[in-house]
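To start, the structure under review is shown below, and the notes come after it.
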Amino acid sequence: MKQIDRREFLKRFGAAAAVVGASAALESCTGGAGTKVAADAVLGSATSGEKPIGEMTYRLNQKGEKVSLLGYGMMRLPTVPGGSTRPDGNDIDQERVNELVDYAIAHGVNYFDTSPAYCKGHSEEATGIALHRHPRESYYVATKLSNFAPQTWSREASQQMFRNSLKFLQVDYVDYLLLHAIGQGGMDNFNSRYMNNGILDWLVEQKEKGLIRNLGFSFHGDVEVFDTMLKWMDEGKYHWDFVQIQMNYVDWKHAKEQNRRNVNAEYLYGELAKRNIPVVIMEPLLGGRLTKMPVHIVNNLHQRDSRGSVASWAFRFCGTYPGVMTALSGMTYMEHLQDNLRTFCPLEPLTDDDLAYLEEIAQLYLKYPIVPCNDCKYCMPCPYGLDIPSILLHYNKMVNEGTVPNNLQDPEYQRLRKQYLISYDRAVPSVRQADHCISCGMCRPHCPQNIRIPYELHRIAERVEELRRNVLQ
Amino acid sequence: MAIVFWLCITVLFLDLTGATRLWFGWMAKIQFLPAVLAANVGVTVLWVVVTMLIGRIYCSVICPLGVMQDGMIHVADWVHRLRTKKKIGLYHFWAPRWTHWMRLAILAVLCVGIVVGGGFVVQWLAPYSSYGRIATSIFRPVALWVNDILADAAAERDSFAFWHVTWTQFDLALLVTSAVTLAILIVSTIVGGRFYCNNICPVGTVLGLLGRRAVMRIHIDADKCVKCGLCEHKCKSMAIDSKRCFVDNSRCIDCFNCLEVCHKDAISFGKIKASATTTKDEKVTVDATRRTMLTTAVTLAAASQLKAVDKVTDGGLAVIEDKKRYERQTPICPPGALSLKNLQQHCTGCQLCVSACPNGVLHPSTGLLHYLQPTMSYEVNHCRPECHACSDVCPAGAILPLGKTHEEKMQRKSSLKIGRAVWVRENCLPVAMEERCGNCATHCPTGAITMVPLGEDSGPNALRVPSVDDERCIGCGACEHLCPVRPFSAIHVEGIEVQREI
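Read top to bottom, the protein sequences are chains Z and L.
This note's numbering numbers the first residue of the first sequence as 557 and each following residue consecutively.
This note's numbering numbers the first residue of the second sequence as 6 and each following residue consecutively.
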């Protein structure tokens, strides 16, 4: 054991040294290629139980440019422990963001996806700072027109939002621009955001001017909107250079099962592949839910592939489909990034046998009463101060660990009850707990997973109240 | 043994889990004054008999305030010996006549206080309560603070051995009262040892009168005594006059320091023949004792608005304004208190219930008539249906037990009306903001609140406001606690004069 620990330590130490070296080299503008090899050499030489990082797998966009199959999602950026000290409430740990971006670029990642709404509105700025330290041609940046709030529906406000994106990202042009999360609120909402104010036509103009290189949309929810977009393309009304959809081995066949307002990824992908539209994948891990699986499933996956992580299965599923241009992952920690790089450098596609196996896993997973929250925080801030994602994630955690106290006769009941209540109070301060929800419904239209948030919160509040009273049947 | 008792009682006040109540709860119940107020005849008689047999052993073993003073005396004595570099103690005989009258006067004031029902006199004078206040407001925050550190450490290690508990609400009046008491005690112990116990404490006075002629007591053999004065200086009660070989047994608290210190074996503890001379004073004291007992017997027989945050970006938490305490027309009494009057008459303000409340709804009152007696408020939580901690711990009969078993208590609790909910129309969300709500009705445990249409419209999307059925409301405060309106909830609980079953 000791030897392995020491080896592991040396490996980490070496990797960290390589990162420092890489960023130093990049800052002095000597180019990333040489340092990348050096970093690989360190990682590659220290073979442990894990797969070494090799060459990144690339896919082509409609222009024939090489895009890394692993894309960096800038929605779950690392934050400073203890919260923000800045007056604007920005709590992003910029130093760590820079390190992560440097490491990703050194290992071939070249697609970065952000939005004006992410991280309380500070993601674009942080992304801009990190990317600006690299040559403009070494990365592609994607951002969105996130005009969700009615006060941003006016033509001027939406235009201003796009101009702000250029400013915060410190670029003259955006590589990929998306209409953000269309489908939520149906065609009415889509028309209010992009058609009635003429913004979609204005964006096409910006594309002709070269300020936008690829125009596309991300989709959640009402399938009518998705179908209309593709119909417009077939009719030659608008051209989509790429489309971003939610795809993973659970949503492939079972999205509709979980919520009838969702659409199965198999259908969405099929329609796009038919038209040769490159697919960008979001939520390949369902906000980490496909790594934080019930213990039983985790063991099952490890039994089948002892070298791959739980997450690697979900990414290999996405990469197996050739129409996929890039799969986005919001990597908060260096371990996540390294683990994903091992999966994507290079990507080993799944066999038909593997795909059938994952379908079984998906069916097994759906038997657990998990709330499908991906911790995207679109529902936040709740006007009444509730911490919605933390409440749902705590509940999921207890389900995954199998520690939800159910039966008063269970000899373990009292211990589980205590554990549940204490961990709930630790995860969510009492003034932000589920029993404070008044069902105002403000959160509901914002949830890309169409979770009936007030309903779930009331269910959880009732369960907690039962536990507190110790009267669970 | 004294230290064990003191530690256990202190733990009772500092306990954050409520577990020790089962083991040490009885220690609070054997305290003399609370037992008298609770009409606990057994305990009262026990101490009367014990004191008449062997003297004021109660004061040196059971009383937590006394034991705490012993600790201070120990330190004072140690410092004194270090400074003087002699082995002679700090104190000397001091029992002027007027102090005797003073303590009788204080006892009389207490008796009048009990009869008239001015709880606040009792609070100031009861030794156990003074200790309880000090433990609650000075020792407990330290324990909570240590617990918070441990809980943070436990959370990091994913352990469930420690967890954060609701802090007892900060109360300035309580802290000031306790700090003043503690300061007085520190000074009085340095100057006069058990000065407080022998000149002020009414329990000390009563037991002193009983113990003065106890069957077994300290006696100095004048033949053996060399009048060295060692015992006099060592006596923390300042009860020994070595020159006269005299022991004031009304002040002696059975600490037996004098026995240890005497070289000549002149001091003994045992059965003594009644002294031949009966002075006039003694007659008076006997009278006073009888009067006290009579009085006691008589007493026993009588027995703003929330602004919705604009959502433009994702994430972040809305700022939550703290709720503010309502000035209630009638205070809410803890369930089991029966009535405001009963609470006022029996409560000695020891704060044990305040310490025991796991939900932080009890806090000491600041009103003059019920100074430091517990009252309720629902800013941080409500009076939870499964909890009956305050009635379990109360030693004074101010909050009576709700039943024998947990089930019985829970059942009684859910039907015991301690207050009534009052709706404040202009604060309510549907009225002020035209926002649909109904959280009070959702969480009302007795179903006393129904949401009724505000206007003409009575469809499913109509604005609805709470209608409270006063007959079903028990005043638990779930509605007030969970009302989204801050800092003053749109529905709050008013106390009622007499608690009753619904």
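Beta carbons are placed, not taken as given, at the ideal position from N, Cα and C, and that holds for glycine.
Legend entry - Min CB distance M887(Z) to chain C below 8 Å: Reference to chain C is not applicable here, since the protein chains of this structure are Z and L.
Inset, instruction - Note the first and the last residue of the continuous alpha helix (DSSP H) segment covering A705(Z). - result: Unbroken run through A705(Z): none, as it is neither H nor E.
Legend entry - T447(L) versus A737(Z): straight-line alpha-carbon distance, rounded: 34 Å
Inset, instruction - Report the neighbours of R988(Z) on chain L: residues whose CB is nearer than 8 Å to its CB, in chain order. - result: L322, I325
Inset, instruction - Go ahead and pull the three-state DSSP assignment for L357(L). - result: helix
Inset, instruction - Determine, using beta carbons only, whether L626(Z) and N896(Z) come nearer to each other than 8 Å. - result: yes
Legend entry - Burial state of A578(Z), where buried means 16 or more other Cβ atoms lie within 10 Å: For A578(Z), the pLDDT reaches just 40, beneath the cut-off of 50, and the residue's location in the model is therefore unreliable, although a value from the coordinates is still provided. It counts as buried.
Inset, instruction - Please determine, among E1012(Z), H950(Z), D981(Z), the residue with the shortest C-alpha to C-alpha distance to G997(Z). - result: E1012(Z)
Legend entry - Contact list for H497(L) against chain Z, beta-carbon separation under 9 Å: Residues of chain Z passing the Cβ test: none, with the nearest at roughly 17 Å.
Inset, instruction - May I have the straight-line CA-CA distance separating Y940(Z) from D931(Z), to the nearest angstrom? - result: 18 Å
Legend entry - Rounded separation between V779(Z) and D910(Z) - CA only: 29 Å
Inset, instruction - Return the residue from the list I67(L), V72(L), Q74(L), L95(L) that minimises the CA-CA distance to W83(L). - result: L95(L)
Legend entry - Beta carbon proximity, D966(Z) to chain L, threshold 8 Å: no
Inset, instruction - Spell out the partners DSSP gives E506(L) in its beta bridges. - result: L421(L)
Legend entry - Partner residues on chain Z for C395(L), Cβ-Cβ distance less than 9 Å: Those do not exist, as C395(L) stays about 17 Å from chain Z at its closest Cβ, beyond 9 Å.
Inset, instruction - Please check if any C-beta of chain L sits within less than 8 Å of the C-beta of N956(Z). - result: no
Legend entry - Test item: CB-CB of L948(Z) and V806(Z) under 8 Å: no
Legend entry - Contiguous alpha helix (DSSP H) assignments of at least 4 residues, all confined to the stretch 760–844 of chain Z: 779–790, 807–814, 821–830
Legend entry - Buried/exposed call for N752(Z), threshold 16 Cβ in 10 Å: exposed
Legend entry - Candidates N254(L), L115(L), T104(L), M77(L): closest to V196(L) by CA position: M77(L)
Legend entry - Closer than 8 Å to chain Z by CB, V291(L): Low confidence applies to V291(L): its pLDDT is 40, below 50, so where it sits in the model is not reliable, and the reading given next is rough at best. V291(L) does not count as touching chain Z.
Inset, instruction - Taking 8 Å as the threshold, find out whether the stretch 221–236 of chain L comes into contact with the stretch 244–251 of chain L through three or more Cβ pairs. - result: yes
Legend entry - Chain-ordered neighbours of C996(Z) on chain L, where CB pairs are closer than 9 Å: A313, L434, E440, R441, C442, P489
Inset, instruction - Taking 8 Å as the cut-off, decide whether the C-beta atoms of E918(Z) and H852(Z) are in contact. - result: For the sequence presented, residue 918(Z) should be read as Ala rather than Glu. No, they are not a contact pair.
Inset, instruction - Mark I609(Z) as exposed unless 16 or more other C-beta atoms lie within 10 angstroms of its C-beta, in which case mark it buried. - result: buried
Legend entry - Assigned exposure category for N855(Z) - 16 Cβ within 10 Å defines buried: exposed
Inset, instruction - Mind checking which residues open and close the alpha helix (DSSP H) that includes V66(L)? - result: 62–66
Legend entry - Residues that S142(L) bridges to, as DSSP identifies them: S142(L) is not bridged to any residue.
Legend entry - Residues near A614(Z) in its chain [Cβ-Cβ closer than 7 Å; skip 5 each side]: The residue you asked about is not Ala; residue 614(Z) is Tyr in the sequence shown. Counting only Cβ-Cβ distances below 7 Å, and skipping sequence neighbours, we find K622, V623, S624, L625.
Inset, instruction - Can you pull the chain L residues whose beta carbon is under 7 Å from the beta carbon of Y674(Z), in chain order? - result: D319
Inset, instruction - Check F167(L) in the structure and name its three-state DSSP category. - result: coil
Legend entry - In chain order, each beta strand (DSSP E) run of at least 3 residues that lies wholly inside the stretch 635–678 of chain Z: 667–669
Inset, instruction - Would you kindly report the start and end of the unbroken alpha helix (DSSP H) that includes G372(L)? - result: Where G372(L) is concerned, there is no enclosing alpha helix (DSSP H), given that its DSSP letter is neither H nor E.
Inset, instruction - Return the chain-ordered list of same chain residues with a C-beta closer than 8 Å to the C-beta of T959(Z), the five sequence neighbours on each side being excluded. - result: L972, Q975, Y976
Inset, instruction - Could you tell me which chain Z residues have their CB closer than 7 Å to the CB of R330(L), listed as they occur along the chain? - result: Going along chain Z, no residue has its Cβ under 7 Å from R330(L), so there is no contact; the nearest lies around 16 Å.
Legend entry - Chain-ordered chain Z contacts of A160(L) [CB-CB under 7 Å]: R982
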